[in-house]
Amino acid sequence: MTTTAPPAGTRSVPEHSPGAARGPRRPGRIRRIGLPYLLLLPALLLELLVHLVPMVIGVAMSFKELTQFYIRDWSTAPWSGTGNYRLAVDFHGAVGEALLHSFLVTVVFTLLSVSLCWLIGTTAALYLQDNFRGRGVLRTIFLVPYALPVYAAVITWAFMFQHDNGLVNHVLHDQLHLTDKPSFWLIGDNSFYALLIVSVWKGWPFAFLIVMAGLQNIPKELYEAAALDGAGMLQQIRRITLPSLRPVNQVLVLVLFLWTFNDFNTPYVLFGKSAPAAADLISIHIYQSSFVTWNFGTGSAMSVLLLLFLLIVTGGYLLLTSRGRKTADV
Amino acid sequence: MRTIRAAAIGAATLSLALAATACGGGSASGGGSNDSPKTLTYWASNQGASISVDEKVLQPELDKFEKQTGIKVKLEVVPWADLLNRILTATTSGQGPDVMNIGNSWSASLQATGALLPWDAANFSKIGGKDRFVDSALGSTGVPGKDPAAVPLYSMSYALYYNKQAFADAGITKPPATWDELVVDGKKIEGTGRNGLGAEGSNLSNNIHQVFVLAKQHGAEFFTADGRPSFTSDGAVTAVKQYVDLMAKDKIVNQSNAEYAQNQSLSDFAKGKTGMVLWQTASATFKSLGMKDSDWGVTAAPVQSGAPGTGAQTNSMVAGINMAVFKNTHNLDGAAQFVKFMTSDEEQKLLNTTYGSIPPVKSAQSDPAFNSQATAVLRQTLTSSAQALPQVPDESQFETAVGTAVKDLFADTAAGRTVTTESVKAKLQKAQQQMPAK
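Here it is as structure tokens:
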């Protein structure tokens, strides 16, 4: 209540100005207030054009029966109401059942991939924290999977996973004799593990990079003090490193989760248009439901459902972790 | 002050321009015109060993066309993996080429979009009339009873290619004519350390081509007369099981073929690892893989019994490439002239000889080039015993759904699971449920 005085004071300043100046000044003021908005307008429109309009169109498409009969002129496609959504979430029907299966596969795959990426990345970062000869070289090598173009990297893996001439079978079967006969990695149930291996191989260097950067910000004194108090390496990691990395990890896990959940390139390059059931990730499933079968309405409805799911997960995650951090700080 | 005003004007103009483009995009209505009579854009499909081979083959012909008509054709050879997506994008946006090649099995699906110029009597008369083309090729240009959505350009058919050395080693003197003989011969070849027959288990289109023919031989159709899917009829189940059993029961197809999708079966054949392969127009591919023409033989694809013919004696789908005109073209007359040029006797002979395919144009077929070792069987099959794939708008969904079912059955076999009539039927049932509701 007491803070009202200063604004009143500033507002009174123009009133002291000579009255003659008032007339010409008003457009000037509009111009002064309007100019920033005018300069913001292109950015705003671009933002609308690049982000919001496609999203709105995508949502609108999900309520239409957009098959090959209508793609030439979308406006003629009949509205199907919630038909596409009902088809997608009818888990007793073939389409809904397949979507649910694909969703569950994706959830399990993402959880495994993110945990492994984080675990391997963090472990590697911790080990490379100490100064030793060749550390720079190792750090560079570790980052190679992340720096390689996705297509080149994944197609190499596809060759390695081949049944007849693949390196994986050569090592596992021909040399180590771990399996009775060469396994199939690109079809059937093993395709899940093939996908997981490639995903972790591709994802952990990012975790490594981020955790390594986070480690640089932890003051050395903390470790020295802990060492003086008799804390061993494991205790130091548990009581100092991990709590200090918490904000870094919060973002890292979220980003890894979103990337992995939405990953399209890896399964597409590995398996082509029709992924085996065991590795039918949701992004490729949606691609198949729209592009390959020419039903863009159903595909859009599935995409909107995916968007909603990711929004809820992200929101819930941020809410939980942020609240946790505040209490931890207190 | 002046700079601020300039910035303000710039910002306002940019905003207006953005708003205008946002509203202006995506209108795909309207038909063709003759606004730009001197140029054409042509999307060619990849027919040769590589994109650059195609460019070298086609460019001199396009130059010839330019000399004759003064119309410059801008060529782009689009890889098969991208072609359908590119055409769909062009259809959606209304921005596309003037003339393009399409896989003939897409004709009905693309016809349904309304993006292609219908070839009615008036349009056909511009290129010399419908009678110039072979009936079997015309059967694969759109839904029966509607004006064709495209014009046949290259025709191909399936045939059984065999390695002469493999046959000699196994003591086979006469190539198999029926499936039973093929299985017997396949086992003989397996006995000599080679694989009997090659297959592309993860290639959805190829799976469809094979089971379509087998279904015909068992008297079954994958679509009813009114265009509804009927994947689970006894004939269809028997057909799919017979194909998968070549690996599962007869064991003349190696299990590793279950994951083949990039023509590995052809390279196995060219390397002499496999004795036989069922393929369409493979001669050019064998050559590019380093196999001499004298090393392989070719015979008609097998039937259940008797000789190839119509109905249950069908032994191939009508494979091929059609040429379509985009309805939104700005050079309608030029496009028709170009189609006329490409389907002229001279170009048909030249291009089909180069690609190892058969001309769908009657007057070009009589050329001796199409009566050679590589082509005589294909031509014979096309004229007497090949059938078009179902000409229904849902054809591409069918290829995906049933092609995947066959792929999964091969994968089951490779994983050591047994394939039974029930498991085949269950997979086909699932495929049918994924088809759009009618």
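Taken in order, these protein sequences are the chains called A and B.
Here the working numbering = 1-based position in the first sequence + 18.
Each step along the second sequence adds one to the number in the working numbering, with nothing skipped, and position 419 is 415.
Beta carbons are placed, not taken as given, at the ideal position from N, Cα and C, and that holds for glycine.
query: Excluding sequence positions up to five away, which residues of its chain have a Cβ less than 7 Å from the Cβ of F120 of chain B?
result: Mapped onto the second sequence, residue 120 of chain B falls at position 124. So the list reads K126, once near-sequence residues are dropped.
message: Measuring straight from C-alpha to C-alpha, what distance separates T377 of chain B and L156 of chain B?
response: Your numbering for residue 377 of chain B matches position 381 in the second sequence. Your numbering for residue 156 of chain B matches position 160 in the second sequence. So the alpha carbons of these two residues sit roughly 11 Å apart.
- prompt: If you run the structure through DSSP and keep just helix, strand and coil, what is Q428 of chain B?
  reply: Here residue 428 of chain B corresponds to residue number 432 of the second sequence, with the count starting at 1. Three-state DSSP puts Q428 of chain B in a helix.
message: Quick check: is the beta carbon of D182 of chain A nearer than 8 Å to any beta carbon in chain B?
response: On the first sequence, residue 182 of chain A is found 164 positions in, with the first residue counted as 1. Contacts with chain B at 8 Å (Cβ-Cβ) include D182 of chain A.
field: Beta-carbon proximity list for K212 of chain B, same chain, < 7 Å, skipping 5 on both sides
entry: Position 216 of the second sequence, counted from the start, is the residue given in the question as residue 212 of chain B. Result list for K212 of chain B: A308, T310, Q383, in chain order.
- prompt: By the criterion of Cβ-Cβ separation under 8 Å, what are the contact partners of K489 of chain B in chain A?
  reply: Residue coverage of chain B in this structure runs from -3 to 434, which leaves residue 489 of chain B outside it and unanswerable.
- prompt: So does the region 228 to 238 of chain B actually touch the region 204 to 220 of chain B, counting three or more Cβ pairs closer than 8 Å?
  reply: Flag = yes, the region 228 to 238 of chain B and the region 204 to 220 of chain B touch.
message: Assuming contact is defined by CB atoms lying nearer than 8 Å, are I302 of chain A and V218 of chain A in contact in what I supplied?
response: As a working note, residue 302 of chain A is residue 284 in the first sequence. As a working note, residue 218 of chain A is residue 200 in the first sequence. In this structure, I302 of chain A lies away from V218 of chain A, with their beta-carbon atoms at least 8 Å apart.
query: Does T259 of chain A get closer than 8 Å to chain C when you measure Cβ to Cβ?
result: Here the protein chains are A and B, and chain C is not one of them.
field: Proximal residues of chain B, C-beta to C-beta of G290 of chain A below 8 Å
entry: Mapped onto the first sequence, residue 290 of chain A falls at position 272. Simply S198, A257.
- prompt: Using DSSP with H/G/I as helix, E/B as strand and the rest coil, what is V180 of chain B?
  reply: For the purposes of this step, residue 180 of chain B is identified with residue 184 of the second sequence, where counting begins at 1. In the structure shown, V180 of chain B falls within a helical segment according to DSSP collapsed to helix, strand and coil.
field: Same chain, Cβ closer than 6 Å to M230 of chain A, five either side skipped, listed in chain order
entry: On the first sequence, position 212 is the one that residue 230 of chain A refers to. Short of 6 Å from the beta carbon of M230 of chain A, and not among the five residues preceding or following it, lie these beta carbons of its own chain, in chain order: A143.
- prompt: If you pair each beta-carbon of the region 50 to 60 of chain B with each one of the region 288 to 302 of chain B, do three or more pairs fall below 8 Å?
  reply: The region 288 to 302 of chain B and the region 50 to 60 of chain B do not touch, with fewer than three beta-carbon pairs separated by less than 8 Å.
message: For a contact defined as C-beta to C-beta under 9 Å, what are the partners of L447 of chain B on chain A?
response: Here chain B covers residues -3 to 434 and nothing more, so residue 447 of chain B does not appear.
F219 of chain B - partner residues in DSSP beta bridges: Start at 1 with the first residue of the second sequence, and residue 219 of chain B comes out as number 223. Paired residues: B:P225.
message: I need the DSSP call for E239 of chain A, collapsed to helix, strand or coil.
response: To locate residue 239 of chain A, count along the first sequence from 1; it is residue 221. Helix at E239 of chain A.
query: Between the region 193 to 205 of chain A and chain B, which residues of the former have CB atoms less than 7 Å from a CB of the latter, in chain order?
result: The region 193 to 205 of chain A vs chain B, Cβ under 7 Å: F202, L204, I205.
- prompt: Which ranges would you report for the beta strand (DSSP E) in the region 223 to 286 of chain B if only whole runs of at least 3 residues count?
  reply: Counting only runs of at least 3 residues, the region 223 to 286 of chain B fully encloses the following beta strand (DSSP E) elements, listed from N- to C-terminal order: 270 to 276.
message: Just to confirm before moving on: does the CB-CB distance between I304 of chain A and G317 of chain A stay below 8 Å?
response: Within the first sequence, numbered from 1, the residue matching residue 304 of chain A stands at position 286. Within the first sequence, numbered from 1, the residue matching residue 317 of chain A stands at position 299. The answer is yes: Cβ separation under 8 Å.
Three CB pairs or more closer than 8 Å across the region 182 to 198 of chain A and the region 268 to 277 of chain A: These segments do not touch.
task: Please go through the same chain and pick out, in chain order, the residues whose beta-carbon is closer than 8 Å to the beta-carbon of P36 of chain A, but skip the five residues on each side of it.
output: Counting from 1 along the first sequence, the entry for residue 36 of chain A is found at position 18. In this prediction, P36 of chain A scores a pLDDT of 48, lower than 50, which makes its location untrustworthy; no coordinate-derived value is stated.
8 Å Cβ cutoff met for T35 of chain B and K68 of chain B: Locating residue 35 of chain B in the second sequence gives position 39, counting from the first residue. Locating residue 68 of chain B in the second sequence gives position 72, counting from the first residue. Cβ atoms of T35 of chain B and K68 of chain B: closer than 8 Å.
field: Rounded straight-line distance, which links the Cα of T87 of chain B to that of L112 of chain B
entry: Translated into positions along the second sequence, residue 112 of chain B becomes position 116. Translated into positions along the second sequence, residue 87 of chain B becomes position 91. Distance between the alpha carbons of L112 of chain B and T87 of chain B is about 9 Å.
- request: Can you tell me which of the three DSSP states L156 of chain A falls into?
  value: On the first sequence, position 138 is the one that residue 156 of chain A refers to. The answer is helix: DSSP assigns L156 of chain A an H, G or I state.
message: The alpha helix (DSSP H) that contains A118 of chain B, what's its start and end?
response: Residue numbering aside, residue 118 of chain B sits at position 122 when the second sequence is read from its first letter. Element bounds for A118 of chain B: 117 to 122.
task: Compare the C-beta of T88 of chain B against all C-beta atoms of chain A and say whether one is closer than 8 Å.
output: Position 92 of the second sequence, counted from the start, is the residue given in the question as residue 88 of chain B. Closer than 8 Å to some Cβ of chain A, the Cβ of T88 of chain B qualifies, so yes.
field: Chain-order list of residues whose beta-carbon lies under 8 Å from that of K269 of chain B (same chain, five-residue window excluded)
entry: Mapped onto the second sequence, residue 269 of chain B falls at position 273. Taken in chain order, the residues that qualify are R190, N191.
- prompt: Going along the chain, which residues of its own chain have a beta-carbon closer than 6 Å to the beta-carbon of Y103 of chain A, five neighbours each way excluded?
  reply: Locating residue 103 of chain A in the first sequence gives position 85, where the first residue counts as 1. Taken in chain order, the residues that qualify are A319.
- request: Could you tell me if E72 of chain B is buried or exposed, where buried requires 16 or more neighbouring beta carbons within 10 angstroms of its beta carbon?
  value: Taking the second sequence and counting its residues from 1, one reaches residue 72 of chain B at position 76. Of the other Cβ atoms in all chains shown, fewer than 16 fall within 10 Å of the Cβ of E72 of chain B; this residue is therefore exposed.
- request: Please look up how many angstroms separate the CB atoms of L84 of chain A and W92 of chain A, rounded, as I've assumed it's under 8 Å.
  value: Start at 1 with the first residue of the first sequence, and residue 84 of chain A comes out as number 66. Start at 1 with the first residue of the first sequence, and residue 92 of chain A comes out as number 74. About 7 Å; that satisfies the 8 Å criterion.
- request: For A39 of chain A, decide whether its Cβ has a neighbour in chain B, counting only Cβ atoms nearer than 8 Å.
  value: If you number the first sequence from 1, residue 39 of chain A lands on position 21. Low local confidence applies: a pLDDT of 47 at A39 of chain A is under 50, so the model's placement there is unreliable, and no value is given.
- prompt: Would you say the region 399 to 410 of chain B touches the region 249 to 260 of chain B, given that touching needs at least three Cβ pairs under 8 Å?
  reply: The region 399 to 410 of chain B vs the region 249 to 260 of chain B: in contact.
query: Among all the DSSP beta bridges, which residues are the ones paired with K70 of chain B?
result: Along the second sequence, read from residue 1 onward, the residue named residue 70 of chain B stands at position 74. Beta-bridge partners of K70 of chain B (DSSP): B:T37.
task: Quick one: which residues of the region 375 to 403 of chain B get their C-beta closer than 7 Å to a C-beta of chain A? List them in chain order.
output: Per Cβ criterion, the list reads P389, S392, Q393, T396, T400, K403.
message: Quick check on the burial criterion: 16 or more other C-beta atoms within 10 angstroms. Buried or exposed for W435 of chain B?
response: Shown here, chain B extends from -3 to 434; a query on residue 435 of chain B therefore has no answer.
- prompt: Which whole-angstrom value describes the C-beta separation of K63 of chain B and T37 of chain B, a residue pair presumed to lie in contact below a C-beta threshold of 8 Å?
  reply: Residue 63 of chain B sits at position 67 when you count from the first residue of the second sequence. Residue 37 of chain B sits at position 41 when you count from the first residue of the second sequence. About 19 Å separates the two Cβ atoms, so there is no contact after all.
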